[in-house]
Structures are given as structure tokens and as C-alpha cells.
Amino acid sequence: MDHRGLGAGGIVIRSGQSRELAAKELLLLDFDGPVCSVFAGYPAPDIAQELVAFTEGFAPDLAKQLGGETDPMQVLSTAAMTLPRQRVIELDERLRRAEVLAVETATLTSGASELINAAYGRGLSVGIVSNNSEPSITKYLKRNGLDSMVARVLGRPFAHPESMKPKPFLLEQALASFKTTAAKACFVGDSVTDIEAGKAAAIMTIGLANKAGKRQRLAAVGAEILVDELWELPWLIDAQES
């Protein structure tokens with residue numbers, strides 16, 4: 036299939052943007068969305084409510100507050116604001132176990148493995164920066180033969196959800212671990228919090244707008260490049276044309 040850089044909206048990255056991307060030395064990717072659909076087989080709302088159910092025995096008011104929450108990361112973040120430290124640790128442990136199980140049925144995002152291969156082949160360093168847990172990300176990469184090309188995995192700081200994106204902490208940690216600067220990096224994300232974190236870290240942000248409504252939301256928070264699919268990125272276009 037010849038994608039030629041055209042997504043569902045027929046968008047082509049401008050030549051100036053392609054040149055800027057070509058000068059980057061570090062490609063950072065969010066995990067859930069840009070690499071795979073983590074919760075394709077184990078839905079996030081189910082995990083969220085399992086976490087809520089766990090809190091009912093010791094924090095019934097919190098459980099009631101979170102009764103309709105569908106995002107397990109939000110359950111953890113909200114709980115961490117009121118629960119004792121040990122309970123936050125227990126909650127994150129449960130979330131990590133659920134994520135490790137979820138990646139067994141995760142579905143690969145179109146173009147993700149090809150993008151990682153192409154970037155790695157061109158000499159870029161590749162890293163994953165995600166609010167998902169490091170063990171789940173590492174397991175997925177190994178299962179799909181991508182671990183040898185991804186040099187760093189920076190997942191959710193255990194039991195410290197306050198450091199998750201949209202805070203720039205993880206991206207700043209990534210830059211430090213690669214011993215590089217924001218000017219030499221770019222970050223592909225598919226959520227508002229990804230773009231906000233990238234902007235806060237002064238990293239060039241690429242918004243993956245592969246679902247209805249995402250283009251408008253990601254543009255509104257300042258994504259510098261917007262693509263409908265990963266095949267629009269120049270590393271993949273060059274790989275197809277070579």
C-alpha cells in the first residue's frame with residue numbers, strides 16, 4: 036500500500052516542517068495511541084471501575100466521587116490527592132498489573148513499527164514517554180520485536196501520578212537520559228496532555244489526529260504539526276520512496 040504521506044484528510048507536511056524534522060536526532064513517542072491501542076482488548080473503563088471498586092472498602096466517599104470515571108489514570112491521579120501514600124502505592128500496583136495484562140491484547144497502530152524502524156535506520160534515537168507503566172510498555176515492545184530499536188522507556192513514575200503528562204517531567208527526564216536538548220527532539224502524541232507536556236518542555240510537538248475531533252483539540256493547544264496518520268511523517272515517506 037502506497038501511503039505517500041497522505042492521511043484521511045489528505046494533509047501533506049510542509050517542506051519547511053519536513054526539513055526541520057530531518058534535523059532532529061531524537062524521536063519521542065507516546066505509547067497509547069501512537070504505538071498501539073493499549074486497551075483494545077481490556078477496556079480502560081473496566082480497569083477504571085476495578086480501581087474504584089478497590090477503594091470502596093477504605094474510601095467510600097472517593098469511590099462514589101469516581102463512580103462514573105472511565106480513565107484509570109484519572110482514578111489514580113484523583114485518589115492520590117486524598118489517599119495515604121500506602122494506598123496510592125497499592126492502587127498503582129493494581130493499575131500496573133492491569134496494564135501488563137492489557138498489552139497482551141493491544142493492537143498496533145498503523146505505521147508505528149514502520150516509523151520506529153525507519154527512524155532507527157536513519158540514525159535517530161527513539162524513546163517512549165508515556166503515562167502508562169514502564170513494565171507494560173517494555174512487555175509490549177518485546178512481544179512485537181521493537182525493543183532493540185527503542186533505547187529508552189520512560190513510563191509513569193510509580194505512585195507519583197502528579198508527575199504524569201501534562202507535566203513536562205517525563206519529557207525532561209527523557210532529554211536528560213539521552214543527553215540532548217529540546218531543540219534536537221520531537222514528540223509524537225495523540226492527546227491534549229501530550230501536546231501540553233511537549234510545549235512545556237519546549238519540544239517540537241506532532242499531533243496524531245487519527246480520530247474524529249482530535250485535529251481541532253490538538254491544534255487548539257498548539258501542536259506544531261498535525262497528521263491524520265503516522266504514514267504522513269517524512270521518515271516513513273522517505274523509506275517508501277527509497
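Using the numbering used here, the first residue of the sequence shown is number 36, and each one after it goes up by one.
C-beta: ideal position from N, C-alpha, C; glycine also.
Values in this document were obtained by computation on a predicted structure and should not be read as measured data.
Legend entry - Own chain, CB closer than 6 Å to His38, minus 5 neighbours either side, in chain order: The residue labelled residue 38 in the question sits at position 3 within the sequence shown. Confidence at His38 is low in this model, with a pLDDT of 41, below 50, so its placement is unreliable and the value that follows should be read with caution. Closer than 6 Å at the Cβ level, and outside the excluded window around His38, lie Trp266.
Legend entry - Proximal residues to Leu41 (C-beta, below 6 Å), its chain only, five neighbours per side dropped: Sequence index remark: in the sequence shown, residue 41 carries index 6 (1-based). Any answer about Leu41 is weak, because its pLDDT of 42 lies below 50 and its placement is not dependable; what the coordinates show is given next. No residues qualify anywhere along the chain.
Inset, instruction - Check whether the Cβ atoms of Leu319 and Ile163 sit closer than 8 Å, and answer yes or no. - result: As displayed, the chain neither begins before 36 nor continues past 277, which places residue 319 out of reach and without an answer.
Legend entry - Three-state secondary structure assigned by DSSP to Ile260: On the sequence shown, residue 260 is found 225 positions in, with the first residue counted as 1. Correct three-state label for Ile260: strand.
Inset, instruction - Could you tell me if Ala211 is buried or exposed, where buried requires 16 or more neighbouring beta carbons within 10 angstroms of its beta carbon? - result: Within the sequence shown, the letter at position 176 stands for residue 211. Ala211 should be labelled exposed.
Inset, instruction - Give me the Cα-Cα distance between Asn179 and Asp67, rounded to the nearest whole angstrom. - result: The count along the sequence shown starts at 1 and reaches residue 179 at position 144. The count along the sequence shown starts at 1 and reaches residue 67 at position 32. The alpha-carbon atoms of Asn179 and Asp67 are separated by roughly 15 Å.
Legend entry - Under the three-state DSSP convention, the category Leu130 falls into: Looking up residue 130 in the sequence shown gives position 95. Under the three-state reduction of DSSP output, Leu130 falls in the helix class.
Legend entry - Inter-stretch contact at 8 Å, needing at least 3 Cβ pairs: the segment 96-107 / the segment 167-181: Cβ pair count under 8 Å is below three, so no.
Legend entry - Close Cβ partners of Pro80 (< 6 Å) along its chain, the five nearest in sequence each way excluded: Position 45 of the sequence shown, counted from the start, is the residue given in the question as residue 80. In its chain, beyond the 5 residues on either side, Thr105 have a beta carbon closer than 6 Å to the beta carbon of Pro80.
Legend entry - Under 8 Å between C-beta atoms of Lys200 and Asp225: Position 165 of the sequence shown holds residue 200. Position 190 of the sequence shown holds residue 225. It is not a contact, given that the beta carbons lie outside the stated cut-off.
Inset, instruction - Quick one: residues in its chain with C-beta nearer than 6 Å to the C-beta of Asp65, no 5 flanking neighbours on either side, listed in chain order? - result: Walking along the sequence shown from the start, residue 65 turns up at place 30. Once the five neighbours on either side are set aside, the close Cβ partners of Asp65 are Ser165, Gly224 and Asp229.
Legend entry - Cβ-Cβ distance between Ala220 and Ile238 below 8 Å: The sequence position of residue 220 within the sequence shown is 185, counting from 1. The sequence position of residue 238 within the sequence shown is 203, counting from 1. Yes; because the gap between Cβ atoms is below 8 Å, this pair is in contact.
Inset, instruction - Measure the CB-CB distance between Ile260 and Gly233 and report whether it falls below 8 Å. - result: Residue numbering aside, residue 260 sits at position 225 when the sequence shown is read from its first letter. Residue numbering aside, residue 233 sits at position 198 when the sequence shown is read from its first letter. No, the pair does not count as a contact, with Cβ atoms beyond the cut-off.
Inset, instruction - Could you check the C-alpha separation between Phe193 and Lys246 for me, to the nearest Å? - result: Here residue 193 refers to the residue found at position 158 of the sequence shown. Here residue 246 refers to the residue found at position 211 of the sequence shown. Phe193 and Lys246: Cα-Cα distance of roughly 30 Å.
Inset, instruction - Could you please give the first and the last residue of the uninterrupted beta strand (DSSP E) stretch that includes Val161? - result: Stepping through the sequence shown from its first residue, residue 161 is reached at position 126. First-last of the beta strand (DSSP E) with Val161: Ser160 to Val164.
Legend entry - Exposed unless 16 or more other CB atoms sit within 10 angstroms - verdict on Arg49: On the sequence shown, residue 49 is found 14 positions in, with the first residue counted as 1. Residue environment for Arg49: exposed (fewer than 16 other C-beta atoms within 10 angstroms of its C-beta).
Inset, instruction - Please list the segments of the beta strand (DSSP E) lying wholly inside the segment 158-213, counting only runs of 3 or more residues, in order along the chain. - result: Those beta strand (DSSP E) runs which fall completely within the segment 158-213 and span 3+ residues are 160-164 and 187-189.
Legend entry - Asn167 CB to nearest heavy atom of the ligand SAH below 7 Å: For the ligand SAH, the structure offers nothing, since it holds no ligand at all.
Inset, instruction - Quick one: residues in its chain with C-beta nearer than 8 Å to the C-beta of Thr113, no 5 flanking neighbours on either side, listed in chain order? - result: Start at 1 with the first residue of the sequence shown, and residue 113 comes out as number 78. Excluding residues within five positions, the ones whose Cβ falls inside 8 Å are Leu97, Gln100, Leu101 and Glu104.
Legend entry - Alpha-carbon to alpha-carbon, Asp127 and Thr240: Taking the sequence shown and counting its residues from 1, one reaches residue 240 at position 205. Taking the sequence shown and counting its residues from 1, one reaches residue 127 at position 92. For Thr240 and Asp127, the distance between alpha carbons rounds to 28 Å.
Inset, instruction - Would you give the residue range spanned by the alpha helix (DSSP H) that Met108 belongs to? - result: The sequence position of residue 108 within the sequence shown is 73, counting from 1. Looking at the DSSP string, the run of the alpha helix (DSSP H) that includes Met108 is Pro107 to Ala115.
Inset, instruction - Give the C-beta separation of Ala236 and Leu206 to the nearest angstrom, bearing in mind that I take them to be a contact with Cβ-Cβ under 8 Å. - result: Counting from one through the sequence shown, the residue named residue 236 turns up at place 201. Counting from one through the sequence shown, the residue named residue 206 turns up at place 171. 4 Å between Cβ atoms; contact.
Inset, instruction - Whole angstroms is fine: what's the gap from Val87's alpha carbon to Tyr175's? - result: Translated into the one-based positions of the sequence shown, residue 87 becomes position 52. Translated into the one-based positions of the sequence shown, residue 175 becomes position 140. Straight through space, the alpha carbons of Tyr175 and Val87 are spaced by roughly 26 Å.
Inset, instruction - Note down, in chain order, each residue of its chain lying with its Cβ closer than 7 Å to the Cβ of Gly146, except the 5 sequence neighbours on either side. - result: By 1-based counting over the sequence shown, the position of residue 146 is 111. Taking Gly146 as the centre and dropping the five residues before and after it, the same chain places the C-beta of Glu264, Leu265, Trp266 and Leu271 closer than 7 Å to its C-beta, in chain order.
Legend entry - 6 Å Cβ shell around Arg252 - same chain, five flanking residues per side excluded: As a working note, residue 252 is residue 217 in the sequence shown. Val227, listed in sequence order.
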